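Number 15 in UniProt numbering belongs to position 15 of the sequence shown; there are no gaps in the numbering.
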Amino acid sequence: MSSNSQWDSYIEGGVLIDVRTPEEWDEEHIEEAILIPNYELKNEISNYVPNLETPINAHCEHGIRSANAKALLLKLGYKKVANLGSYGAAKRAYNEYKNRK
């Protein structure tokens with residue numbers, strides 16, 4: 001991403017984690033994202049992202065749960081974690097990243 005992009009928090013090459021509920025996911029989601037609801041994150045993240053060095057981009061509906069997810073992931077030892085905020089912001093960030101490839 002360019003340095004002036006408002007989506008600079010996106011970590012290139014990172015895994016995209018959606019911490020919303022399954023119901024929110026069913027309404028709309030980014031196809032490449034992995035659904036791990038915030039309430040399952042602590043127990044499930046290592047099944048999807050076993051390497052603590054793998055960059056993680058988290059998002060939710062409004063940015064609050066993804067902020068909590070970022071704090072938890074850092075506490076669990078993940079080194080590179082970005083909070084993309086809301087679903088809309090994450091979708092724009094991911095599309096911007098894809099269009100640059």
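Cβ atoms here follow ideal geometry from the backbone N, Cα and C, with glycine treated the same way. Owing to the predicted nature of the structure, the values given are computational and were not obtained by experimental measurement.
What is the C-beta distance between L52 and V19, in whole angstroms, given that I count them as a contact (C-beta under 8 angstroms)?
Translated into positions along the sequence shown, residue 52 becomes position 52. Translated into positions along the sequence shown, residue 19 becomes position 19. Between V19 and L52 the Cβ distance is about 18 angstroms, and since that is not below 8 angstroms, they are no contact.
Nearest-angstrom Cα distance between L73 and E28?
Here the question's residue 73 lines up with position 73 in the sequence shown. Here the question's residue 28 lines up with position 28 in the sequence shown. Cα to Cα, L73 sits roughly 24 angstroms from E28.
In terms of residues, what are the limits of the alpha helix (DSSP H) holding N99?
Position 99 of the sequence shown holds residue 99. N99 -> alpha helix (DSSP H) spans Y87 to R100.
Mind reading off the beta-carbon distance from C60 to Y87? Whole number of angstroms is fine, and I expect it under 8 angstroms.
Here residue 60 corresponds to residue number 60 of the sequence shown, with the count starting at 1. Here residue 87 corresponds to residue number 87 of the sequence shown, with the count starting at 1. The pair is a contact, with the Cβ atoms about 7 angstroms apart (cut-off 8 angstroms).
Less than 7 angstroms between C-beta atoms, sequence neighbours within five positions excluded: which residues of the same chain meet that for D26?
Locating residue 26 in the sequence shown gives position 26, counting from the first residue. Result list for D26: empty, nothing under 7 angstroms.
Contacting residues, own chain, Cβ-Cβ under 8 angstroms from residue 168 (five flanking each side not counted):
No answer is possible for residue 168: it lies beyond the span of the chain, which begins at 1 and ends at 101.
Could you give the distance in angstroms between the alpha-carbon of A33 and the alpha-carbon of Y48?
Numbered from 1 along the sequence shown, position 33 holds the residue referred to as residue 33. Numbered from 1 along the sequence shown, position 48 holds the residue referred to as residue 48. If you take the alpha carbons of A33 and Y48, they lie about 11 angstroms apart.
Let me know the secondary structure DSSP gives N47 once reduced to three states.
As a working note, residue 47 is residue 47 in the sequence shown. Reduced to three states, the DSSP call for N47 is helix.
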